[in-house]
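Below is one structure; the comments refer to it alone.
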Amino acid sequence: MAIHAFTLERMGRPIFVISAAIIGVLVLTAVAADWIIPHDPNVGKLEDKFLPPFWLDGGRMTYPLGTDSLGRDLLSRIIMGARVSLMVAAAAIIAAGGTGTVLGLLAGYCGKIGDEIIMRTVDGLLAIPTILLAMLLAITLGPGIGNLILVITFLVWARFARVVRGDVLSLKTRDYIALAKVAGASSFRIMLYHLFPNVLNTVIVMATLQVGYVIILEASLSFLGVGIPPPHPTWGYMISTGRSHLATAWWISAFPGLAILLTVLALNLLGDWLRDTLDPKLRQI
Numbered sequence: 008m009a010i011h012a013f014t015l016e017r018m019g020r021p022i023f024v025i026s027a028a029i030i031g032v033l034v035l036t037a038v039a040a041d042w043i044i045p046h047d048p049n050v051g052k053l054e055d056k057f058l059p060p061f062w063l064d065g066g067r068m069t070y071p072l073g074t075d076s077l078g079r080d081l082l083s084r085i086i087m088g089a090r091v092s093l094m095v096a097a098a099a100i101i102a103a104g105g106t107g108t109v110l111g112l113l114a115g116y117c118g119k120i121g122d123e124i125i126m127r128t129v130d131g132l133l134a135i136p137t138i139l140l141a142m143l144l145a146i147t148l149g150p151g152i153g154n155l156i157l158v159i160t161f162l163v164w165a166r167f168a169r170v171v172r173g174d175v176l177s178l179k180t181r182d183y184i185a186l187a188k189v190a191g192a193s194s195f196r197i198m199l200y201h202l203f204p205n206v207l208n209t210v211i212v213m214a215t216l217q218v219g220y221v222i223i224l225e226a227s228l229s230f231l232g233v234g235i236p237p238p239h240p241t242w243g244y245m246i247s248t249g250r251s252h253l254a255t256a257w258w259i260s261a262f263p264g265l266a267i268l269l270t271v272l273a274l275n276l277l278g279d280w281l282r283d284t285l286d287p288k289l290r291q292i
């Protein structure tokens, strides 16, 4: 009952309300993109190119956020870009979180040679500059949504593995783990039924915080031209196409950049809220 009241109290805080509202709008927009976009995001009119947002001189309500160098509606492209970004982020986080959690459980509980191999691999991945390795892998595998998800999964799983291993090293010394061993429980059963439920909160918080990182990584690769290829509209690619027109058509890069900023900020705030809410020490306050 106390935990329930604690959670309700925290859900009423402005940080949770604002971040949840932004993420909720973003998800709904991405899901309903096909029905709410005012124009085809990949089709433009050259006579309408470089139109400013509607509140500036020369702007039109037909294109609320303006148009790009090919006369394509920026609002429609940003909405479809949200779908692409969230789809890539969700798939990569699920794959990386699952892989990292399994390997973290194995490394922390089993130890010995397996722990050394897994953790030295983790150290190696975390030591290499992320964007450099991401570009190398993306160029090697080639452009495409599937390949990009594989690249991000390969780069992110190590973060989950390190954190989960640290939790498992602490948990496996607890009395209930010793009792499970005495009762004859197998290592698989102990990891699945005794350790995994206790690291799940950590994995959820990690996943929430890593979504923002994945979105930035995907946008960076698209900006550099090694991410998702056209005609798929992505926020990073939109920023890239507008960088040569910043002096005359700043909105082409500014609005996709603002979308990334708001999304990552909301996800990070939600992750902080989840960390505070799921922390058992804070629940006892």
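For the sequence shown, this note's numbering assigns the number 8 to the initial residue and increments by one for each residue that follows. All C-beta atoms in this analysis are idealised placements derived from N, C-alpha and C, irrespective of residue type, glycine included.
Own chain, CB closer than 6 Å to residue i, minus 5 neighbours either side, in chain order
i: residue 115; result: 172, 175, 176
i: residue 282; result: 212
i: residue 106; result: 164
i: residue 219; result: 271, 274, 275
i: residue 187; result: 197, 201
i: residue 2; result: What the structure shows of the chain is the stretch from 8 to 292, and residue 2 is not part of that stretch, so it cannot be assessed.
i: residue 151; result: none
Presumed contact (8 Å Cβ cut-off) between residue i and residue j, rounded CB distance
i: residue 33; j: residue 96; result: The pair is not a contact, with the Cβ atoms about 11 Å apart (cut-off 8 Å).
i: residue 274; j: residue 30; result: 7 Å
i: residue 126; j: residue 166; result: With a Cβ gap of about 13 Å, residue 126 and residue 166 do not count as contacting.
i: residue 147; j: residue 103; result: Not confirmed; about 19 Å, so no contact.
i: residue 121; j: residue 78; result: Contact flag wrong, Cβ pair sits at about 57 Å.
i: residue 82; j: residue 71; result: 5 Å
i: residue 208; j: residue 178; result: No, residue 208 and residue 178 are not in contact; Cβ-Cβ is about 12 Å, not under 8 Å.
Local conformation of residue i per DSSP, three classes
i: residue 181; result: coil
i: residue 172; result: helix
i: residue 47; result: coil
i: residue 74; result: strand
i: residue 55; result: helix
i: residue 80; result: strand
i: residue 146; result: helix
i: residue 103; result: helix
i: residue 235; result: coil
i: residue 253; result: coil
i: residue 151; result: coil
i: residue 137; result: helix
i: residue 248; result: helix
i: residue 108; result: helix
i: residue 160; result: helix
Burial state of residue i, where buried means 16 or more other Cβ atoms lie within 10 Å
i: residue 60; result: buried
i: residue 180; result: exposed
i: residue 251; result: exposed
i: residue 245; result: buried
i: residue 225; result: buried
i: residue 185; result: exposed
i: residue 230; result: buried
i: residue 280; result: buried
i: residue 195; result: exposed
i: residue 67; result: exposed
i: residue 303; result: Residue 303 is absent from the model: the chain starts at 8 and stops at 292.
i: residue 80; result: buried
i: residue 26; result: buried
i: residue 182; result: exposed
i: residue 69; result: exposed
i: residue 169; result: buried
Residue span of the alpha helix (DSSP H) that contains residue i, given as start and end
i: residue 34; result: 21-38
i: residue 125; result: 119-134
i: residue 62; result: Careful: residue 62 lies outside any alpha helix (DSSP H) and carries neither H nor E.
i: residue 229; result: 203-230
i: residue 271; result: 258-285
i: residue 193; result: Run containing residue 193: none; DSSP gives neither H nor E here.
Same chain, Cβ closer than 7 Å to residue i, neighbours up to 5 away in sequence not counted
i: residue 37; result: 89, 90, 93
i: residue 112; result: 171, 175, 198, 202, 203
i: residue 11; result: Interpretation of residue 11 is limited by its pLDDT of 49, a score under 50 that renders its predicted location unreliable; no figure is taken from the coordinates.
i: residue 138; result: 227
i: residue 264; result: 246
i: residue 144; result: 158, 161
i: residue 258; result: 59, 60, 72, 73, 81
Neighbourhood of residue i by C-beta distance below 8 Å, restricted to the same chain and skipping five residues each side
i: residue 154; result: 145, 148
i: residue 8; result: Residue confidence for residue 8 is low, a pLDDT of 44 falling below 50, so the modelled location carries little weight; the figure read from the coordinates is stated next. Excluding positions up to five away in sequence, the list is empty.
Within-8 Å CB hit, residue i to chain C
i: residue 264; result: No chain C appears in the structure shown, which is made up of a single protein chain.
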